[in-house]
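Take a look at the structure below.
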Amino acid sequence: SVTAFDAVTNGKLAELTVGTAPRSIARAPDGRLWVTNKLSASISIINPDTMSVVQTIALPFASQPYGVAFAPTGSFAFVVLEGLGQVLKLDATNGAQVASVNVGPNPRHLAVSGDGATLLVSRFITPHLPGEETAVVQTPNGAGGEVVRVGAAGMSVLGTTILRHSDAID
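This is the structure in structure tokens:
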């Protein structure tokens, strides 16, 4: 479910049923709220004025939608499909699929650059590193996590940024 609260009193205004296992929420330029539902493979779109789900976008079976973000221009929504290793580009007004790109295994969240030209897609699980199952992880060239860079206009992978491994205590 998604719950709306009064920002002044902290009182609960409404609780809305959405799909199974909601994971992320983003506000569209038109004010509607898009909620990704991981286990029901859908996006619930909420009208905050009426406090109701006004549209549900069905996605491929077992696609596990997770992260959602909007282009600064407001024209497109980008949604990560964790189960398929893809990012979808959807029309922000009607939810129709415009394009998609394969970004490899375990993507989960994404961010859109300020100019809207680049998507940054993070991996939830990093590629296997030698010694990972022991107390001594080997990190060739400081390798750690990965962020995939995607060109938003053509939905093509531009490259991968390797995040440095850290042994620092959390």
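Counted the way this note's numbering counts, the sequence shown spans residues 1 to 170. Even for Gly, the Cβ is constructed at its ideal location relative to N, Cα and C.
Given residue i as reference, the closest of the options once Cα atoms are compared
{"i": "G154", "options": "N106, V54, P105 and A99", "result": "A99"}
{"i": "Y66", "options": "A28, L59, L163 and L81", "result": "L81"}
{"i": "S156", "options": "A92, T126 and V87", "result": "V87"}
{"i": "N102", "options": "S113, L119, N94 and A96", "result": "L119"}
{"i": "A69", "options": "K89, E15 and V53", "result": "K89"}
{"i": "P107", "options": "G145, Q97 and D115", "result": "G145"}
{"i": "T18", "options": "A71, A135, G83 and A58", "result": "Note on identity: in this sequence residue 18 is Val, with Thr being the wrong assignment. Residue A58 is the option with its Cα nearest to V18."}
{"i": "T73", "options": "S166, D91 and I46", "result": "D91"}
{"i": "G151", "options": "V121, V137, Q138 and T126", "result": "V121"}
{"i": "A4", "options": "D30, Q55 and N47", "result": "N47"}
{"i": "D49", "options": "I162, I43 and L16", "result": "L16"}
For residue i, three-class secondary structure by DSSP
{"i": "I46", "result": "strand"}
{"i": "S166", "result": "coil"}
{"i": "A21", "result": "coil"}
{"i": "K38", "result": "coil"}
{"i": "F124", "result": "coil"}
{"i": "N102", "result": "strand"}
{"i": "D6", "result": "coil"}
{"i": "E133", "result": "coil"}
{"i": "S113", "result": "coil"}
{"i": "S156", "result": "strand"}
{"i": "A28", "result": "coil"}
{"i": "T93", "result": "coil"}
{"i": "Q138", "result": "coil"}
{"i": "S209", "result": "Since the first residue of the chain shown is 1 and the last is 170, residue 209 is not available in this structure."}
Status (buried if at least 16 other CB within 10 Å, exposed otherwise) for residue i
{"i": "V8", "result": "exposed"}
{"i": "A41", "result": "buried"}
{"i": "V148", "result": "buried"}
{"i": "P60", "result": "exposed"}
{"i": "R164", "result": "exposed"}
{"i": "I169", "result": "exposed"}
{"i": "R123", "result": "buried"}
{"i": "T134", "result": "exposed"}
{"i": "N37", "result": "buried"}
Within 8 Å, strictly: CB atoms of residue i and residue j
{"i": "M51", "j": "L13", "result": "yes"}
{"i": "V112", "j": "A71", "result": "yes"}
{"i": "L39", "j": "A21", "result": "yes"}
For this session: Please specify which runs of the alpha helix (DSSP H), each continuous and at least 4 residues long, are wholly inside the segment 59 to 85, giving them in chain order.
Result: none
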